[in-house]
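Chains A and B are the protein sequences, given in the same order. Here the working numbering runs 40 ahead of the position in the first sequence, where the first position is 1. Here the working numbering runs 40 ahead of the position in the second sequence, where the first position is 1. From the three backbone atoms N, C-alpha and C, an ideal C-beta is built for every residue, glycine too. Since this is a predicted model, take the numbers as computed values, not measurements. The block underneath contains the structure these notes are about, expressed in structure tokens.
There are 2 protein chains.
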Amino acid sequence: MYHATIVVTLRHSILDPQGKAVEHAIHSLSAGRVSNVRIGKQIQCAIDAPSRTEAAGIADTICKKLLANPVMEDYTVTIEERA
Amino acid sequence: MYHATIVVTLRHSILDPQGKAVEHAIHSLSAGRVSNVRIGKQIQCAIDAPSRTEAAGIADTICKKLLANPVMEDYTVTIEERA
Chain A
41 MYHATIVVTL RHSILDPQGK AVEHAIHSLS AGRVSNVRIG KQIQCAIDAP SRTEAAGIAD
101 TICKKLLANP VMEDYTVTIE ERA
Chain B
41 MYHATIVVTL RHSILDPQGK AVEHAIHSLS AGRVSNVRIG KQIQCAIDAP SRTEAAGIAD
101 TICKKLLANP VMEDYTVTIE ERA
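Here's what the structure looks like:
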């Protein structure tokens, strides 16, 4: 059993209005000099596969087909083995 | 200048309907035996602070006041130094 952590983020060249809104909210809290806020999604799941390579392949497939929009978003996959 | 990566996730005891919906979608793709899908938010930002401790303090403040709902959500903060 493997545990996958997938992070989907907007590409750097794409404007992130949600991040901009959060940045303005942080400034109105006077919480400190925070800039360049960007917001992404983190998906965690358990994958039942015979090997780490197959688990990574499954994670890659679900990213490409479902979780990420390859035109606008990048994704990273981290696979950990779990007992 | 520090770079903060904040991950906000629902507590384990709280149902994650968004994760359940994604899990059903993965099953309908027949992409593999994927279970226990949970979805969180990842926030990346640059923090201008004199020390790592102060940067971590600022990140903690914005999590508590703005980004996370402490009743339902947990958060982790990772601080990296950037040139």
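Where in the region 68–97 of chain A do unbroken runs of the beta strand (DSSP E), each at least 3 residues long, occur, reported from the N-terminal end onward?
73–88
Based on Cα-Cα distance, which residue from A/A96, A/R51 and A/K105 lies nearest to A/T45?
The sequence position of residue 45 of chain A within the first sequence is 5, counting from 1. The option with the nearest alpha carbon to A/T45 is A/A96.
For A/A108, which of helix, strand or coil comes out of DSSP?
For this step, residue 108 of chain A is matched to residue 68 along the first sequence. Three-state DSSP puts A/A108 in coil, outside helix and strand.
Count the other CB atoms within 10 Å of the CB of B/T118; is the residue buried (16 or more) or exposed (fewer)?
As a first step, residue 118 of chain B is located in the second sequence; it is residue number 78 there, counting from the start. B/T118 is exposed by the Cβ-count criterion.
Can you round the beta-carbon distance between A/H43 and A/A108 to whole angstroms, since I take them to be within the 8 Å contact cut?
Locating residue 43 of chain A in the first sequence gives position 3, where the first residue counts as 1. Locating residue 108 of chain A in the first sequence gives position 68, where the first residue counts as 1. That belief does not hold up - the Cβ atoms of A/H43 and A/A108 are roughly 19 Å apart, past 8 Å.
Using a C-beta cutoff of 7 Å, does A/Q82 count as contacting chain B?
For the purposes of this step, residue 82 of chain A is taken as residue 42 along the first sequence, with counting starting at 1. With 7 Å as the cut-off, A/Q82 counts as an interface residue toward chain B.
Note down, in chain order, each residue of its chain lying with its Cβ closer than 8 Å to the Cβ of A/R51, except the 5 sequence neighbours on either side.
Here the question's residue 51 of chain A lines up with position 11 in the first sequence. Excluding sequence neighbours, A/R51 sits near M112, E113 and D114.
Identify each residue in the region 51–79 of chain B for which the Cβ-Cβ distance to at least one residue of chain A is less than 9 Å, and report them in chain order.
G59, V62, E63, A65, I66, L69, A71, G72, R73, V74, S75, N76, V77, R78 and I79
Label A/I66 either buried or exposed according to how many other C-beta atoms from any shown protein chain fall within 10 Å of its C-beta, with 16 as the threshold for buried.
Residue 66 of chain A sits at position 26 when you count from the first residue of the first sequence. Answer is buried; the Cβ neighbour count reaches 16.
Residue(s) in a DSSP beta bridge with A/D114:
Here the question's residue 114 of chain A lines up with position 74 in the first sequence. A/D114 pairs with A/T49.
Proximity to B/I54 [Cα-Cα], best of B/H64, B/L106, B/K104 and B/V77:
Taking the second sequence and counting its residues from 1, one reaches residue 54 of chain B at position 14. Comparing Cα positions, the closest option is B/V77.
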